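Numbering (my numbering), first residue to last: 19 to 710.
A virtual CB, placed ideally from N, CA and C, is assigned to each residue, including glycine.
Source: prediction; values computed, not measured.
Before any comments, here is the structure.
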């Protein structure tokens, strides 16, 4: 059966932004104007369709990336609405991995905010073309042109304004289209469903000409066809500009920028047109590359139905009606319901029992999925986030995703012995869904330690345990995920010699450890003579070192930023084994690490606080008591923006303190920045506070 919508008329896009920039509101308006829903939902009153979890509706934020499909001008648009809160960065990361293009939503008042930068750089990493929508043009302090400047300064982007606003703040009344040189004004009485195209108001004609000239210059610098016409003074048609903008967008050289106010239903139809005009179809994306299992040969899959089937699982979700949903991007070929596919990552065959097209938490059953589709699959028992599915006779493993390590932990204990299994099942299901949520069992204390990206992240997890799994656990106070490193070079020796009546073991290793740069993780090399340590045992030594690094020598925390060099040792012709050298490697590492001036590292967070000017002194004074470094303070209309770096250990329950300091008028955002050495003045306090 042929696909309903040709690939060239398919768009797989995401909507990304800083928290509270208006992503979900923009998505709700898109669904309304494309006819996907007949009533506009609102985040503030808990009726947003894409925020379908109870916690999302209560808190007014997006937690999970929701998928939906809608149609505009004969184009099929698959949309993923991603979270803006940094605690849910994994949702953004995995969504960007499988999307072809994205809309970056910026607040006209806040402009490029911290999480805007984070998601922008994530999109850079995956080379995702994007357009920008400057939202909330009706807000006090809105400034479209300041946002353009911030995009250049903070993101290194090349913004191309294809519209300019008519008025601003409470006087915002529409936009001027710089391609057609027409004014667009929406009708509030029908919720923006209709609008007038009219001549540009006389008082704005000069400004419009000036900004059109800027647009032409921006396009001409990246497009030879337009440059030639521009220099010759020829008339450039709107459709020629659209084609040039599309070329520049697909090459990630230009970012078309539009504006409006989603809450008041202004600016959405041109945004939909921009999705169709500028963002790529699956055919515009280079063929995806992967590795053929067992050969390490690089192979490609193009977005053609005749190509062998390949797909990437980018998200798992629990569901009350089915065992589990595997959200999947199909890159090539066709998948039919009931077919057997190969999980190439795990080398296991599985049968797809159902194919679902998702609309938030609603669904429609499909008989088949085609190249370019984003669907949910049912029946895959072993698939996890990042696994590649392929045709059994044409295996390929596509590039997976990388997720940051958790920075905060709590202990979770069942309230009764009878709930122990239920708690373990709930934690396993939640950890399977979320790669940044990690569960481990501490053998010394018998506690379950759960780790995540922030207080809100773990708060949501514990709420979901109660609401979705009916498990009420005892939760400890949060603990920081510290790490350890060394400060000087040192050598260490490890011997593992064991004799029993039946067998003997012998392994002897000498190591040199050196500190690496911050956040450089780990390097291993061997300079040992082959007569001292045969090459066959070298990988076992590295395994032993890595095992020892999982529990350091200061407080038992994982170690990083270390280069280990195997410099010598000895072996026994009959008694030496890989296990013996692995054990010797662990012992040698521990001895060397103790001699290398080990120390503790703590996560440092990038914090942005937005507060009325009269409270700046109190906020800065409080930050100084939290071992924070003030980076800069910037004035905006009616508020001051304070950027700081602060240790996570000093930021617990900060939202409550900030509210009381500023009479509830200040807000803040916080995201992980880097690990830094713990000052010696607080080292003993931290080590004495650890509960496990």
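Original post:
Looking at the structure shown, is residue 558 part of a helix, part of a strand, or coil, going by DSSP?
Top reply: Helix.
**OP:** Drop a sphere of 10 angstroms on the beta-carbon of residue 183, count the other beta-carbons inside from all chains shown, and report buried for 16 or more, exposed for fewer.
**Re:** buried
Subject >> residue 201 versus residue 179 - alpha carbon distance >> reply: 15 Å
**OP:** Specify the secondary structure class of residue 475 as computed by DSSP and reduced to three states.
**Re:** helix
Subject >> Any beta strand (DSSP E) of 3 or more consecutive residues that is wholly inside the segment 485–515 >> reply: 491–493 and 501–504
Subject >> beta strand (DSSP E) segment containing residue 600, residue limits >> reply: Taken as a continuous stretch (DSSP letters only), residue 600 belongs to no beta strand (DSSP E), being part of the alpha helix (DSSP H) at 596–613.
Original post:
If you draw a straight line from the alpha carbon of residue 388 to that of residue 194, how long is it in whole angstroms?
Top reply: For residue 388 and residue 194, the distance between alpha carbons rounds to 39 Å.
Original post:
Which whole runs of the beta strand (DSSP E) in the segment 404–434 are 3 residues long or more, in chain order?
Top reply: 406–408 and 426–432
Original post:
Considering only residues of the same chain and omitting the five flanking positions on each side of residue 459, which have a CB-CB separation below 8 Å?
Top reply: 465, 466 and 467
Original post:
Quick one, are the C-beta atoms of residue 436 and residue 456 less than 8 Å apart?
Top reply: Contact flag unset, no.
**OP:** Using three-state DSSP, classify residue 207 as helix, strand or coil.
**Re:** helix
Original post:
Does the Cβ of residue 49 have 16 or more other Cβ atoms within 10 Å, making it buried, or fewer, making it exposed?
Top reply: buried
**OP:** List the residues that DSSP assigns as beta-bridge partners of residue 242.
**Re:** The partner list for residue 242 (beta bridge, DSSP) is empty, contrary to what the question assumes.
Subject >> Short Cβ contact (8 Å threshold) for residue 408 with residue 324 >> reply: No. Outside cutoff.
Original post:
Taking C-alpha atoms, which residue in 630, 568 and 705 lies nearest to residue 785?
Top reply: The first residue shown for the chain is 19 and the last is 710, placing residue 785 beyond what the model contains.
Subject >> residue 438, enclosing beta strand (DSSP E) - first and last residue >> reply: For residue 438, there is no enclosing beta strand (DSSP E); the enclosing alpha helix (DSSP H) has its first and last residue at 438–451.
Subject >> Endpoints, beta strand (DSSP E) assigned at residue 155 >> reply: Neither: residue 155 is in no beta strand (DSSP E) and is coded neither H nor E.
**OP:** Please confirm whether any heavy atom of the ligand GTP lies closer than 7 Å to the CB of residue 237.
**Re:** Looking at this structure, you won't find the ligand GTP or any other ligand, since it has none at all.
**OP:** Could you tell me the boundaries of the beta strand (DSSP E) in which residue 681 lies?
**Re:** Per DSSP, residue 681 belongs to no beta strand (DSSP E) and is neither H nor E.
Original post:
Cβ of residue 211 within 8 Å of Cβ of residue 288?
Top reply: no
Original post:
Excluding five sequence neighbours on each side, which residues of the same chain lie with their C-beta closer than 6 Å to the C-beta of residue 208?
Top reply: none
Original post:
From the DSSP output, which residues share a beta bridge with residue 661?
Top reply: 626 and 650
**OP:** Could you tell me how far apart the beta carbons of residue 116 and residue 330 are, in whole angstroms, since I believe they sit closer than 8 Å?
**Re:** 6 Å
Subject >> Through-space distance from residue 478 to residue 74, alpha-carbon basis >> reply: Unreliable placement is indicated for residue 74, whose pLDDT of 37 sits below 50; the coordinate value is still reported in the next sentence. Taking the straight line joining both Cα atoms gives about 10 Å.
Subject >> Which listed residue (326, 344 and 269) has its alpha carbon closest to that of residue 144 >> reply: 269
Subject >> Assigned secondary structure, residue 130 (DSSP; H/G/I helix, E/B strand, else coil) >> reply: When secondary structure is reduced to three states using DSSP, residue 130 falls in the coil class, being assigned neither helix nor strand.
Original post:
In the structure shown, what three-state DSSP assignment does residue 168 receive?
Top reply: helix
**OP:** Kindly indicate which residue of 141, 24 and 133 has the alpha-carbon position closest to the one of residue 92.
**Re:** 24
Original post:
Which value, in whole angstroms, describes the spacing of the CA atoms of residue 385 and residue 374?
Top reply: The straight-line gap from Cα to Cα measures roughly 9 Å.
Subject >> Environment of residue 216 [buried if 16+ CB atoms lie within 10 Å] >> reply: exposed
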